[in-house]
Amino acid sequence: MREPTYFILAALQDEPLHGYAIVKRAQELSDGRVRLTTGTLYAALDRLTGEEMVRVAEEAVVNGRARRTYELTQRGMSALTAEAERMAAAASVVRNRSVRPMAAGRVVPA
Numbered sequence: 247m248r249e250p251t252y253f254i255l256a257a258l259q260d261e262p263l264h265g266y267a268i269v270k271r272a273q274e275l276s277d278g279r280v281r282l283t284t285g286t287l288y289a290a291l292d293r294l295t296g297e298e299m300v301r302v303a304e305e306a307v308v309n310g311r312a313r314r315t316y317e318l319t320q321r322g323m324s325a326l327t328a329e330a331e332r333m334a335a336a337a338s339v340v341r342n343r344s345v346r347p348m349a350a351g352r353v354v355p356a
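Just add 246 to the spot in the sequence shown (first one is 1) and you have the numbering used here.
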């Protein structure tokens with residue numbers, strides 16, 4: 247799973263959100279690393295809707311413009327959880343290794 251997709255799903259984990267709120271929440275959750283453009287966001291939401299990972303929770307007209315609110319589905323939550331577990335397992339490979347300093351600032355396994 248690519249990082250933007252991960253953070254879109256994570257943004258929807260607590261509550262349904264509309265597009266702009268997803269962009270802001272994804273940026274916040276990623277400490278600013280993920281900055282979604284409108285095109286990227288809506289292409290991803292269309293794909294994730296097709297994959298049944300998110301669904302449109304509500305459609306309304308606000309100030310003459312259509313506003314969709316999206317929510318995470320059970321399938322999306324399962325995919326998000328699986329990806330979080332995969333990343334945690336990958337990170338533990340590095341965190342759980344003992345290292346010893348080496349000349350010139352490099353390190354090698356102990």
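C-beta atoms are modelled at their ideal positions from N, C-alpha and C, and glycine is treated no differently.
Computed from a prediction, not measured in an experiment: that's the story for all the values here.
Query, Result
"In terms of DSSP beta bridges, what is Glu274 paired with?", "In the DSSP output, where bridge partners are listed per residue, Glu274 has none listed."
"Quick check on the burial criterion: 16 or more other C-beta atoms within 10 angstroms. Buried or exposed for Met299?", "buried"
"Identify whether Thr283 lies in helix, strand or coil by the three-state DSSP scheme.", "coil"
"Is DSSP giving Glu249 helix, strand or coil here?", "helix"
"Apart from the five residues just before and just after Tyr288, which ones in its own chain have a Cβ nearer than 6 angstroms to its Cβ?", "none"
"Work out the CA separation of Val308 and Ala272 for me, nearest whole Å.", "23 angstroms"
"State the Cα-Cα distance for the pair Leu282 and Thr251, rounded to the nearest angstrom.", "10 angstroms"
"Check whether the Cβ atoms of Ala303 and Thr315 lie closer than 8 angstroms to each other.", "yes"
"Between the stretch 265-280 and the stretch 331-341, do at least 3 Cβ pairs fall closer than 8 angstroms?", "no"
"With C-beta atoms as the reference, is Leu326 less than 8 angstroms away from Leu255?", "yes"
"Using only CA atoms, which one of Ile268, Met247, Val269, Leu294 lies nearest to Thr319?", "Leu294"
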